[in-house]
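If you use this note's numbering, the sequence shown closes out at 98, no skipped numbers anywhere. Heads up, the beta-carbon is just placed ideally off N, CA and C, and yes, glycines get one too. Fair warning: this is a prediction, and the values are worked out from it, not measured in the lab.
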Amino acid sequence: LLGEEIARTVLFLAADDSRMITKQSIAVDAGLR
66 LLGEEIARTV
76 LFLAADDSRM
86 ITKQSIAVDA
96 GLR
């Protein structure tokens, strides 16, 4: 997992496009489980 991938997720969540996302757990795991 790269810092860039985490930063991209954080930037999306901070943007207006994600304003309808509430009380969710978002896994940033590059598809690994």
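Rounded to whole angstroms, the separation of the alpha carbons of Ile86 and Leu67 is 24 Å. Rounded to the nearest angstrom, the gap between the Cα atoms of Ala72 and Ala79 is 10 Å. For Ala72, the enclosing alpha helix (DSSP H) stretches over residues 68 to 79. Taking C-beta separations shorter than 7 Å and ignoring five residues to either side along the sequence, the partners of Ile91 in its chain run Thr74, following chain order.
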